[in-house]
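Number of protein chains: 4
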Amino acid sequence: MPSLRAHVFRVPADGPDDVSLVEALFADRIDVGNVVAVLGKTEGNGCVNDFTRGYATQSFERLFGKHNVEGVSIIMSGGTEGALSPHWTVFAREQVNEPGEGALAIGVARTAALPPEHLGRREQVCMVAAAVTEAIRDAGIEDVADVHFVQIKCPLLTSQRIADAEAAGKTTATRDTLKSMALSRGASALGVAVALGELEIDAIADSDICSRFDLYSRCASASAGVELLDHEIIVLGMSAKWSGPLAIDHAVMHDAIDTRSVRAAWERLPADGKLAAVLAKAEPDPSGQVGGRRHTMLNDSDIAGTRHARAFVGGVLAGIFGMTDLYVSGGAEHQGPPGGGPVAIIVEKEI
Amino acid sequence: MPSLRAHVFRVPADGPDDVSLVEALFADRIDVGNVVAVLGKTEGNGCVNDFTRGYATQSFERLFGKHNVEGVSIIMSGGTEGALSPHWTVFAREQVNEPGEGALAIGVARTAALPPEHLGRREQVCMVAAAVTEAIRDAGIEDVADVHFVQIKCPLLTSQRIADAEAAGKTTATRDTLKSMALSRGASALGVAVALGELEIDAIADSDICSRFDLYSRCASASAGVELLDHEIIVLGMSAKWSGPLAIDHAVMHDAIDTRSVRAAWERLPADGKLAAVLAKAEPDPSGQVGGRRHTMLNDSDIAGTRHARAFVGGVLAGIFGMTDLYVSGGAEHQGPPGGGPVAIIVEKEI
Amino acid sequence: MPSLRAHVFRVPADGPDDVSLVEALFADRIDVGNVVAVLGKTEGNGCVNDFTRGYATQSFERLFGKHNVEGVSIIMSGGTEGALSPHWTVFAREQVNEPGEGALAIGVARTAALPPEHLGRREQVCMVAAAVTEAIRDAGIEDVADVHFVQIKCPLLTSQRIADAEAAGKTTATRDTLKSMALSRGASALGVAVALGELEIDAIADSDICSRFDLYSRCASASAGVELLDHEIIVLGMSAKWSGPLAIDHAVMHDAIDTRSVRAAWERLPADGKLAAVLAKAEPDPSGQVGGRRHTMLNDSDIAGTRHARAFVGGVLAGIFGMTDLYVSGGAEHQGPPGGGPVAIIVEKEI
Amino acid sequence: MPSLRAHVFRVPADGPDDVSLVEALFADRIDVGNVVAVLGKTEGNGCVNDFTRGYATQSFERLFGKHNVEGVSIIMSGGTEGALSPHWTVFAREQVNEPGEGALAIGVARTAALPPEHLGRREQVCMVAAAVTEAIRDAGIEDVADVHFVQIKCPLLTSQRIADAEAAGKTTATRDTLKSMALSRGASALGVAVALGELEIDAIADSDICSRFDLYSRCASASAGVELLDHEIIVLGMSAKWSGPLAIDHAVMHDAIDTRSVRAAWERLPADGKLAAVLAKAEPDPSGQVGGRRHTMLNDSDIAGTRHARAFVGGVLAGIFGMTDLYVSGGAEHQGPPGGGPVAIIVEKEI
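Chains as they are written, first to last, in this note's numbering: chain A, 9 to 359; chain B, 9 to 359; chain C, 9 to 359; chain D, 9 to 359.
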């Protein structure tokens with residue numbers, strides 16, 4: 009009986025438009041038609057005016073267009089602060105003639121365009137929840153407990169989009185463009201929590217979004233970008249229908265220096281495994297403190313708090329894993345507990 | 009036979025002018041007249057226009073002035089990026105009626121004002137080397153191998169100081185004010201290396217400063233600040249003439265993710281010790297890579313590379329030590345190997 | 009019959025702690041006891057973590073303390089972007105034995121500390137309105153039409169203040185510290201409008217603050233700073249009870265490039281007058297456009313919009329007045345029409 | 009006898025990839041095959057890691073590729089600080105059956121790739137001088153006095169390019185990537201001065217580049233970008249061989265607030281002309297002062313001096329011309345006198 013098999017490749021990027029090493033993969037390592045998603049860390053500021061995400065997306069569209077491949081989910085997260093290294097993680101899947109044995113499973117989905125006035129409100133939560141459920145089904149994961157990471161790329165508000173909504177007689181949840189990124193990530197993460205049964209949709213009010221941070225998903229990861237209007241969703245988990253050497257688990261960091269949870273998750277994975285990818289969220293602790301000591305990330309008007317958080321948590325994780333091409337994404341509203349965040353670890357067993 | 013005893017207090021700061029918890033120490037924990045130095049991490053950008061250093065210095069001058077105490081070495085290092093926490097580390101020493109048993113020793117010294125045209129040149133190296141030797145003697149350390157950390161606060165060039173020098177017919181080593189901070193730190197570090205016998209002064213040319221990074225000191229730490237024109241020097245090491253529960257050792261990180269060296273140094277210290285202070289230097293790896301992967305710190309025109317490096321190495325060290333009030337100072341030119349830096353660890357044995 | 013006479017001195021500053029040229033004034037130009045206010049432009053970012061304001065304030069407190077003078081209103085506005093030049097404007101008043109003839113009048117007032125939960129709400133509007141009325145009376149201005157500039161220094165929320173309020177069971181108007189600066193400036197400006205009879209207090213709801221920008225004062229100027237908890241108010245206008253060579257008028261810029269209004273106001277003043285001071289507010293146009301063309305100030309996550317606006321409007325005004333030591337303060341919520349702002353011009357007639 | 013006719017279109021851009029309004033021009037206003045150059049202001053930081061230039065360039069390459077047009081010179085200058093507005097200026101030329109009468113003339117040229125070790129040195133000066141001469145010939149301008157603006161896009165050094173050069177045993181003029189932008193602009197500007205007979209090549213030493221600012225061209229404008237390795241050159245001037253309603257003149261601003269020179273140049277152009285384009289250079293005055301007062305642009309480690317200068321001079325010029333879609337480019341080394349810069353004005357006579 010055939011099964012599905014996942015492939016994960018971590019590839020360096022020399023710039024937002026450097027897709028050369030991904031193209032090289034297509035020559036001998038992977039069939040371009042099997043690629044389902046590309047997760048990228050690009051070197052912009054990860055905030056509103058980060059055009060490296062759009063530039064990278066345009067570059068990948070050209071690449072896949074050249075190969076006449078459509079529908080690949082391209083998720084770019086800006087920000088490689090500190091020693092974090094710009095890179096692409098390519099996810100592919102293929103059918104193989106081997107029995108399912110329990111392995112990394114990948115599912116994807118995409119929503120319709122989000123009206124600007126729904127951003128950061130319950131409508132966005134519901135829209136995302138439905139699509140996550142669809143992506144879990146696409147992955148062939150039967151028990152939501154086997155879901156370890158849900159990556160969502162979500163839209164943001166620009167001055168123009170706010171003006172358009174207001175011209176149409178609507179009000180948006182905020183007029184602050186940077187704030188809209190947080191609201192969009194937060195509502196998306198709550199959508200994951202609803203899909204995974206962690207929260208009931210009825211328990212979430214508009215005013216809870218980016219406010220009641222005791223409501224969260226243990227494995228949501230959301231990035232907002234100016235270059236899309238809908239949501240792109242990738243679900244990673246374990247499924248008995250999949251085979252191959254890849255396995256995933258995840259930790260929930262309880263604060264920015266919670267290395268214990270991360271080491272424990274890594275130890276649950278095969279001991280002889282080679283790291284295939286580490287995917288994490290980071291945010292400035294909204295309490296203003298880490299480990300009982302004040303931090304200054306939220307009072308810094310020169311550097312966005314998300315940039316501080318990526319650099320710092322990037323350092324914490326690089327110290328553990330000994331590598332810097334980690335996918336550390338900023339802004340973890342409702343993604344793990346306040347000040348903490350999910351960390352997914354994918355390893356490849358030696359065969 | 010009497011000995012000297014060192015005290016080290018790590019105290020939180022609510023802002024550059026918040027010296028209240030240091031003042032509280034004077035009430036019951038420490039005689040203000042015994043204080044020899046205050047090392048501070050303040051929350052500015054750590055670069056040219058970081059006025060938090062001067063503001064904190066002015067605040068401490070007021071505090072010590074109120075107690076009629078003069079001559080305390082006040083060294084402020086700007087930059088608490090990531091979750092690093094603004095704090096003061098107070099160093100004091102007193103004579104006690106107990107025999108010397110080998111413990112943390114502290115010595116201080118101060119140079120004359122540095123003419124702007126000497127900054128970043130051999131003249132600065134020589135000036136610093138002489139003062140470090142004087143501080144080692146002040147600490148009662150007999151073997152330079154027992155020196156574990158030499159902290160130097162050094163001046164920088166402002167547009168005004170450059171103009172003054174040029175008006176006087178002199179040329180400065182650079183006209184770039186941010187670059188002058190690097191040159192000053194670099195020349196100071198080489199001065200430490202000369203004092204510790206790590207390098208011969210004759211082996212150092214003007215053009216080597218901030219250029220030949222294979223020349224370095226294993227335990228120099230220099231911070232440049234706009235608020236002083238001379239150098240303040242603090243030497244930390246072990247001496248048989250000192251007693252008490254404090255001990256120090258140091259590691260040399262070979263790159264920004266070299267956790268192994270740091271753990272090894274910590275293990276050389278008493279196992280039951282409580283962390284009293286961690287003092288470290290960090291810098292963007294001049295090779296443009298960490299662990300074989302590209303970093304973007306040196307190409308980022310929005311955030312100075314030193315800020316990136318503090319945030320990231322702050323994360324690496326906070327992950328190891330489980331605390332965020334670490335003294336991580338940026339710009340490690342000639343302070344440890346390129347891309348790495350010294351890390352001093354002070355522990356207090358349980359008694 | 010005696011009258012009051014105002015003095016205005018514009019003095020360069022070499023740094024936030026350089027009060028030397030103000031001290032020099034006390035030697036021969038002005039009696040320190042006659043100083044009522046110092047308005048400063050300091051070189052910080054003008055946002056939450058701008059410690060140059062507190063540093064300058066501390067420096068002036070030391071200076072006035074040395075002269076045993078109390079109660080001088082010290083208002084520091086951070087941000088000298090572009091070619092704007094850090095400087096102090098010293099306002100003094102004295103009684104003279106000459107008849108009142110109509111001249112620049114200065115009045116001051118100070119409120120109680122603002123509870124954090126009142127910031128950005130009607131309570132703050134009312135508190136400020138009462139104090140502005142008091143300052144107008146202090147200036148001896150009988151007709152509010154003769155008021156040309158009301159400068160207010162107002163508090164902001166820090167993470168700590170928000171936490172304190174929440175611990176006391178209160179909610180603050182925002183949890184975003186940078187946003188709190190806007191709310192505080194906006195509520196203060198509306199307080200001016202109420203005091204000047206431009207708006208009725210009953211016409212202002214909490215939700216209008218920083219939202220209904222059609223509500224504004226034609227001559228309010230507010231700056232928020234971390235270093236105070238109350239409000240400091242300075243009123244400038246014309247009064248028949250005052251004498252001397254100084255006169256003031258003001259323009260309302262309707263957008264960032266409205267030079268016509270500024271030139272017209274200048275022309276209403278004595279033609280042979282020497283510029284004593286120019287005081288202006290600037291903000292990124294909330295419409296996202298200036299003169300029908302998109303600007304990017306509100307989408308820039310690297311540089312706060314207020315910094316952009318000060319630099320640009322600083323350029324516009326420096327082009328008109330031919331000098332760069334202008335008091336251009338950022339964040340003009342309810343201070344003039346959206347995207348515009350008040351500009352006060354003080355000239356000294358040749359005698 | 010036929011002549012050439014220039015067309016200049018100023019077109020708003022909604023983002024670095026928004027070329028829609030340029031495409032719209034091709035439908036009815038201009039033959040795409042006649043386009044010779046696009047000058048763009050994009051909304052990045054204008055410094056090393058400004059990817060908006062490359063993103064815009066890629067977007068235009070796609071656009072022209074779709075129309076099978078090659079060889080258009082695409083010059084992107086990053087930075088729309090203050091209220092400056094992102095826009096494209098499209099330059100086209102066509103042959104018409106009307107006699108030459110003296111009108112705006114446009115010429116273009118391109119160099120070979122610049123070896124990294126030549127950047128910022130005499131080799132770059134010579135390479136650019138030769139190409140400028142070629143572009144003047146291409147424009148049909150016979151007297152260099154009729155050249156009013158020479159726009160050059162030049163390369164910069166990245167960490168990678170420096171490493172490559174060093175691996176090949178070469179040394180680069182600097183290892184500081186931001187500094188390399190200044191050196192490249194400076195050497196390019198000196199190349200213009202040589203081509204225009206303003207300076208002799210023999211009078212320029214390597215060490216003069218970005219150091220002896222008394223050497224300059226009155227109408228050079230250079231922008232450095234990461235996205236090219238060679239130089240793209242556009243020459244604008246008046247030629248008797250050209251016809252049509254467009255005319256150009258230029259001013260040299262002597263400092264950042266020299267409005268008099270700009271107004272004088274504008275007055276030399278036809279009084280009834282409509283502004284077609286304004287092209288200017290701006291830089292922080294290297295003296296540290298404007299109009300005798302200190303500025304802080306060179307001591308700001310949070311915002312690059314070029315960003316400050318664009319915002320401020322953008323304000324000065326927008327105040328004069330009453331529009332914000334000005335091409336103000338930062339970094340004016342050897343482009344006009346220190347602290348000043350050239351300003352070209354193109355007007356279209358009413359017909």
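Positions of the beta carbon are idealized from the N, C-alpha and C atoms, including for glycine. As the structure is a computational prediction, the values presented were derived from the model and not from experiment.
Can you name the start and end residues of the alpha helix (DSSP H) that residue i belongs to?
i: Ile170(D); result: Ser167 to Ala175
i: Met189(C); result: Thr185 to Ala203
i: Ala64(B); result: Thr60 to Lys74
i: Val46(B); result: No alpha helix (DSSP H) contains Val46(B), which is instead part of the beta strand (DSSP E) from Val43 to Thr50.
i: Leu268(B); result: Going by the sequence as given, residue 268(B) is Arg instead of Leu. That run of the alpha helix (DSSP H) goes Thr267 to Arg276.
Is residue i close to chain B? Criterion is C-beta to C-beta, closer than 8 Å.
i: Leu92(D); result: no
i: Met305(A); result: yes
i: Phe59(C); result: yes
Could you check where the beta strand (DSSP E) with residue i kicks off and where it finishes?
i: Met84(D); result: Ser81 to Gly86
i: His95(C); result: His95 to Val104
i: Val56(C); result: Taken as a continuous stretch (DSSP letters only), Val56(C) belongs to no beta strand (DSSP E), as it is neither H nor E.
i: Leu29(C); result: Premise fails: Leu29(C) lies in the alpha helix (DSSP H), Ser28 to Asp36, not in any beta strand (DSSP E).
i: Ser247(D); result: Glu240 to Ser247
i: Val19(D); result: Ser11 to Pro20
i: Ala211(D); result: From DSSP, Ala211(D) is part of no beta strand (DSSP E); its letter is neither H nor E.
Note down the Cα distance separating residue i from residue j, rounded to an integer number of angstroms.
i: Leu33(D); j: Gly296(C); result: 25 Å
i: Gly338(D); j: Gln168(B); result: 23 Å
i: Ser229(C); j: Gly233(A); result: 36 Å
i: Val77(C); j: Arg70(C); result: 10 Å
i: Gly48(B); j: Ile144(B); result: 22 Å
i: Phe320(D); j: Leu92(D); result: 10 Å
i: Asp266(A); j: His258(A); result: 13 Å
i: Glu341(B); j: Ala197(B); result: 7 Å
i: Ala272(B); j: Ala352(B); result: 12 Å
DSSP three-state label for residue i, please.
i: Ala139(A); result: helix
i: Phe221(D); result: coil
i: Asp257(C); result: strand
i: Val324(C); result: helix
i: Pro123(B); result: coil
i: His316(C); result: helix
i: Ile7(B); result: Any question about residue 7(B) goes unanswered here, given that chain B covers just 9 to 359.
For residue i and chain D, any beta-carbon pair shorter than 8 Å?
i: Pro24(A); result: yes
Taking the DSSP output, what are the residues bridged to residue i?
i: Ala232(B); result: Cys162(B)
i: Ser337(A); result: Lys289(A)
i: Arg301(A); result: Val298(A)
i: Glu356(A); result: Leu254(A) and Lys282(A)
i: Arg130(D); result: In DSSP, Arg130(D) forms no bridge with anything.
Taking 8 Å as the CB-CB limit, is residue i close to chain C?
i: Val324(D); result: yes
Beta-carbon of residue i versus every beta-carbon of chain A: anything under 8 Å?
i: Pro345(B); result: no
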